[in-house]
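Participant: For reference, the structure I am asking about is given below.
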Amino acid sequence: MIDPRLLRDDPDATAAALARRGVDRAAIEHLRELDARRRQMIAQLDEARAEQAEASKAIGRAGAEERPALIEAAQQYKERVAALEEERDRVVADHEAAFARIPNLPHPDAPDGQEGEGTVVRTFGTPPELDDPKDHVELLEAADALDLARAAKVSGARFAYLKGEGALLEFALVRYAVDVAMRHGHVPVIPPVLVREEAMYGTGFLPTDEQQLFRTRDDELYLVGTSEVPLAGLHMEELLDPDQLPLRYVGYSPCFRREAGAHGKDTRGILRVHQFEKVELFSFVHPDESSDEHERILAIEEEVFGALEIHAQVVDIPVGDLGASAARKFDIEAWLPGQQAYREVTSCSNTTDYQSRRLRTRMRVEQGPNLLVHTLNGTALAVQRAIIALVEQHQRSDGTVAVPSALQPYLGREVLFA
RNA sequence: GGAGGGUUGGCCGAGCGGACGAAGGCAGCGGUCUUGAAAACCGCCGGGCGCCUCGCGCGUCCCGUGGGUUCGAAUCCCACACCCUCCGCCA
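In numbering that gives the first Met the number 0, the protein residues as written are 0 to 417.
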């Protein structure tokens, strides 16, 4: 949710910023009208309530003989307040619904453009030289580290079994990534992965991404698509002391995505599956510090992949491809020899106060009004995609995979699939 | 799954239809005292929204959440959530 006051105080600049994300002027005007009506209704209702309270208090002070007449006279206030409350509720609901669908204001430095038009900021690592690269499915299945056929029988398309060294690879990568994050001050967390609607709404996945979410039938809970959701919710409805900030976490959890609308896309292997595991970075920071924190999180991501000796590029995502809650986003795209393409392996977003406004996570300010904190999230390591990049880039002609030295202590071996 | 108890401000804890945003205590902040500190004493000490003559003002809402009764609800009624105890089940 954006700040309604911004629209009130500086409508032109706000409209211009939102126009970059495709929100048109008519929608802006509609929001302004709803905001004005809402405030008018609140003022009217407050006034009516003040009158009613005054009348009621007079009854309390009055003697027994005067009361019946006063009570009768007070009846009218009750009806008027009730009518105004009803109208206020309607206006507030309209206001909420309209604002909930407005995406976050883009960061001034975020580039214009649509999906696929991002700016490559830099590349790192050395591109592998491979004569006849196999893709991850060939490599992993040959080593019995991946079983897609049986997963399809048990769970359907876009599910997988990681077995043997495939399963060990996950344990090693996760622990490795968590260690890197912890070195940078992030506290490890295993969060709940079933959450209430409120948490989904608060993080901006509802109402805009509903078709991406798995929902439980009997309990009105959602399976999270990322641990960003429960991590963001960790401090909902809290007023934090400034000296508690920044709060930095690293979560490990499975992630569930319906991938509706992605039919026929990335159907091979484990690049795009309904269930995967991810190590996620999350920070709550003072609003002045979110841009710096964003760079910090991106640096951790680069460290994770850099030390795995994976060649990749950092992309500044254009405003047309941002999620609803993000003001700016950087992806790391690793080179996948099996596809001869750079594909997204991490993503980090600065969601400024968009999530904290809905989740009501604030910080105390000595002088002046308390502030909403800024929240940021980033992928330390998405297990399945990291496995793909790792085995495809470090494969050797005999189908074995060289383990980068940073991972060897975690895996307990120098070569996989031997 | 069954039975019972609970949810009040940063914390503890009173209040059980009218003067209650809520006693009292603790913590915190400011002051008096003191060479300094402690103690003692005095004062301050929640949040949201709205208004504006933008004043360290005014109004309104918030005692788990949402409804209801009433001129008036922290207090009465209903539903839900969460926590605790016991039984059952269970990694």
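Cβ atoms here follow ideal geometry from the backbone N, Cα and C, with glycine treated the same way.
These numbers come from a predicted model, not from an experiment.
Taking Cβ to Cβ, would you say MET181 is nearer than 8 Å to PHE98?
Facilitator: Sequence index remark: in the first sequence, residue 181 carries index 182 (1-based). Sequence index remark: in the first sequence, residue 98 carries index 99 (1-based). No, these two residues do not count as a Cβ contact at 8 Å.
Participant: On a Cα-Cα basis, can you pick out the residue from PRO191, GLU237, ALA57 that is closest to MET362?
Facilitator: Residue mapping note: residue 362 aligns to position 363 of the first sequence, counting from 1. Of the listed residues, the one whose Cα sits closest to MET362 is GLU237.
Participant: Please report the residue range of the alpha helix (DSSP H) in which GLU279 lies.
Facilitator: Indexing the first sequence from 1 puts residue 279 at position 280. Looking at the DSSP string, GLU279 is not in any alpha helix (DSSP H); the run it does join, the beta strand (DSSP E), is 274 to 284.
Participant: Could you check where the beta strand (DSSP E) with GLY377 kicks off and where it finishes?
Facilitator: Reading the first sequence from its first residue, position 378 is the one you call residue 377. It spans 373 to 381 - the beta strand (DSSP E) in which GLY377 sits, taken as one unbroken run.
Participant: Evaluate ASN349 with the Cβ neighbour count: other Cβ atoms within 10 Å of its Cβ, from every protein chain shown; 16 or more gives buried, anything less gives exposed.
Facilitator: The residue labelled residue 349 in the question sits at position 350 within the first sequence. The residue in question, ASN349, is buried, as its Cβ has 16 or more Cβ neighbours within 10 Å.
Participant: Whose C-alpha, out of HIS262, VAL278, ARG214, GLU32, is nearest the C-alpha of LEU272?
Facilitator: Counted from its first residue, the first sequence places residue 272 at position 273. In the sequence on display, residue 272 carries Val and not Leu. Ranking the options by Cα distance to VAL272, first place goes to HIS262.
Participant: Three-state secondary structure (DSSP) at GLU85?
Facilitator: As a working mapping, residue 85 is identified with position 86 in the first sequence. Correct three-state label for GLU85: helix.
Participant: Flag this pair as yes or no: are the beta carbons of VAL402 and ARG395 separated by less than 8 Å?
Facilitator: In the first sequence, the residue the question calls residue 402 occupies position 403. In the first sequence, the residue the question calls residue 395 occupies position 396. Their beta carbons are not under 8 Å apart, which means VAL402 does not touch ARG395 by this criterion.
Participant: Taking the alpha-carbon of ASP240 as reference, which of GLN339, ARG357, GLY322, VAL284 has the nearest alpha-carbon?
Facilitator: If you number the first sequence from 1, residue 240 lands on position 241. Of the candidates GLN339, ARG357, GLY322, VAL284, the one whose C-alpha sits nearest the C-alpha of ASP240 is VAL284.
Participant: Closer than 7 Å by C-beta to THR225: which residues in its own chain qualify, once you throw out the five before and the five after it? Chain order, please.
Facilitator: Numbered from 1 along the first sequence, position 226 holds the residue referred to as residue 225. Same-chain partners within the cutoff: CYS254, LYS277, GLU279.
Participant: State buried or exposed for GLY367, treating a residue as buried only when at least 16 other CB atoms are found within 10 Å of its CB.
Facilitator: Counting from one through the first sequence, the residue named residue 367 turns up at place 368. With fewer than 16 other Cβ atoms within 10 Å, it is exposed.
Participant: Secondary structure at MET199, three-state DSSP: helix, strand or coil?
Facilitator: Reading the first sequence from its first residue, position 200 is the one you call residue 199. In the structure shown, MET199 sits in a helix (DSSP, three-state: H, G or I).
Participant: Using the Cβ count rule (16 or more neighbours within 10 Å means buried), how would you classify ASN369?
Facilitator: Along the first sequence, one-based indexing puts residue 369 at 370. ASN369 should be labelled exposed.
Participant: Looking at the unbroken beta strand (DSSP E) that takes in ALA340, where does it start and where does it end?
Facilitator: As a first step, residue 340 must be located in the first sequence, where it is residue number 341. First-last of the beta strand (DSSP E) with ALA340: 340 to 349.
Participant: Buried or exposed for PHE281, please, with buried defined as at least 16 other CB atoms from any protein chain shown within 10 angstroms of its CB.
Facilitator: Position 282 of the first sequence, counted from the start, is the residue given in the question as residue 281. So PHE281 ends up on the buried side.
Participant: Would DSSP call ALA109 helix, strand or coil?
Facilitator: On the first sequence, residue 109 is found 110 positions in, with the first residue counted as 1. If DSSP states are grouped into helix, strand and coil, ALA109 belongs with coil.
Participant: Just to confirm my understanding: we take VAL188, look at its own chain, exclude 5 residues before and 5 after, and list those with CB closer than 6 Å. What are they?
Facilitator: Against the first sequence, residue 188 aligns to sequence position 189. Result list for VAL188: TYR248, GLY250, in chain order.
Participant: Please report the straight-line C-alpha distance between ALA12 and VAL344, rounded to a whole angstrom.
Facilitator: As a working mapping, residue 12 is identified with position 13 in the first sequence. As a working mapping, residue 344 is identified with position 345 in the first sequence. Answer to the nearest angstrom: the Cα atoms are 34 Å apart.
Participant: Have a look at PRO185 and ASP397 and give me their C-alpha separation to the nearest angstrom.
Facilitator: Position 186 of the first sequence, counted from the start, is the residue given in the question as residue 185. Position 398 of the first sequence, counted from the start, is the residue given in the question as residue 397. A quick correction: the sequence has His, not Pro, at residue 185. Roughly 39 Å separates the two Cα atoms.
Participant: Please go through the same chain and pick out, in chain order, the residues whose beta-carbon is closer than 8 Å to the beta-carbon of ASP130, but skip the five residues on each side of it.
Facilitator: Looking up residue 130 in the first sequence gives position 131. So the qualifying residues of the chain are SER396.
Participant: For the alpha helix (DSSP H) containing VAL136, name the first residue and the last one.
Facilitator: Within the first sequence, the letter at position 137 stands for residue 136. Where VAL136 is concerned, the enclosing alpha helix (DSSP H) stretches over 135 to 141.
Participant: Compute the Euclidean distance between the alpha carbons of GLU84 and ALA47, then round it to the nearest angstrom.
Facilitator: In the first sequence, the residue the question calls residue 84 occupies position 85. In the first sequence, the residue the question calls residue 47 occupies position 48. Approximately 10 Å, taken between the alpha carbons.
Participant: If I follow the unbroken alpha helix (DSSP H) through ALA54, where does it start and stop?
Facilitator: On the first sequence, position 55 is the one that residue 54 refers to. 24 to 60 is the span of the alpha helix (DSSP H), which, as asked, contains ALA54.
Participant: Using 8 Å for Cβ pairs, my map puts VAL314 next to ASP291. What's the rounded Cβ distance?
Facilitator: Within the first sequence, numbered from 1, the residue matching residue 314 stands at position 315. Within the first sequence, numbered from 1, the residue matching residue 291 stands at position 292. That belief does not hold up - the Cβ atoms of VAL314 and ASP291 are roughly 20 Å apart, past 8 Å.
Participant: Throw me the rounded Cβ distance for the ALA54 and TYR76 pair, which I believe falls under 8 Å.
Facilitator: Walking along the first sequence from the start, residue 54 turns up at place 55. Walking along the first sequence from the start, residue 76 turns up at place 77. At roughly 5 Å, the Cβ-Cβ gap stays under 8 Å, so ALA54 and TYR76 are in contact.
Participant: Count the other CB atoms, across all protein chains shown, that sit within 10 Å of the CB of PRO67; report buried if there are 16 or more and exposed otherwise.
Facilitator: Within the first sequence, the letter at position 68 stands for residue 67. With fewer than 16 Cβ atoms within 10 Å of its Cβ, PRO67 is classed as exposed.
Participant: Please name the residue or residues paired with SER252 in a DSSP beta bridge.
Facilitator: To locate residue 252, count along the first sequence from 1; it is residue 253. DSSP lists LYS277 as partners of SER252.
Participant: Output the distance between the C-alpha atoms of VAL120 and PHE275, rounded to the nearest integer angstrom.
Facilitator: Reading the first sequence from its first residue, position 121 is the one you call residue 120. Reading the first sequence from its first residue, position 276 is the one you call residue 275. Between VAL120 and PHE275, the C-alpha separation is close to 28 Å.
Participant: Excluding the 5 residues flanking VAL400 on each side, which residues of the same chain have their C-beta closer than 8 Å to its C-beta?
Facilitator: Within the first sequence, the letter at position 401 stands for residue 400. Once the five neighbours on either side are set aside, the close Cβ partners of VAL400 are LEU138, LEU389, VAL390, HIS393, GLN394, VAL414, LEU415, PHE416.
Participant: Which of the three DSSP states, helix, strand or coil, is assigned to GLN211?
Facilitator: Residue 211 sits at position 212 when you count from the first residue of the first sequence. Reduced to three states, the DSSP call for GLN211 is helix.
Participant: Please report the residue range of the alpha helix (DSSP H) in which ILE296 lies.
Facilitator: Numbered from 1 along the first sequence, position 297 holds the residue referred to as residue 296. Taken as a continuous stretch (DSSP letters only), the alpha helix (DSSP H) holding ILE296 covers 289 to 306.
Participant: Expressed to the nearest angstrom, what Euclidean distance is found between the alpha-carbon atoms of ASP143 and GLU164?
Facilitator: Taking the first residue of the first sequence as 1, we reach residue 143 at position 144. Taking the first residue of the first sequence as 1, we reach residue 164 at position 165. So the alpha carbons of these two residues sit roughly 8 Å apart.
Participant: Which residues does DSSP list as the beta-bridge partners of MET362?
Facilitator: The residue given as residue 362 occupies position 363 in the first sequence. Answer by DSSP bridge pairing, in chain order: LEU239, LEU370.
Participant: Could you check whether the segment 166 to 183 touches the segment 205 to 216, counting it as contact only if at least three pairs of C-beta atoms, one from each stretch, sit closer than 8 Å?
Facilitator: At 8 Å Cβ cutoff, the stretches do not touch.
Participant: If we count the other Cβ atoms within 10 Å of its Cβ and call it buried at 16 or more, is SER419 buried or exposed?
Facilitator: Here the chain comprises residues numbered 0 to 417, so residue 419 is not present and cannot be evaluated.
Participant: Could you check where the beta strand (DSSP E) with GLN312 kicks off and where it finishes?
Facilitator: Position 313 of the first sequence, counted from the start, is the residue given in the question as residue 312. It spans 311 to 315 - the beta strand (DSSP E) in which GLN312 sits, taken as one unbroken run.
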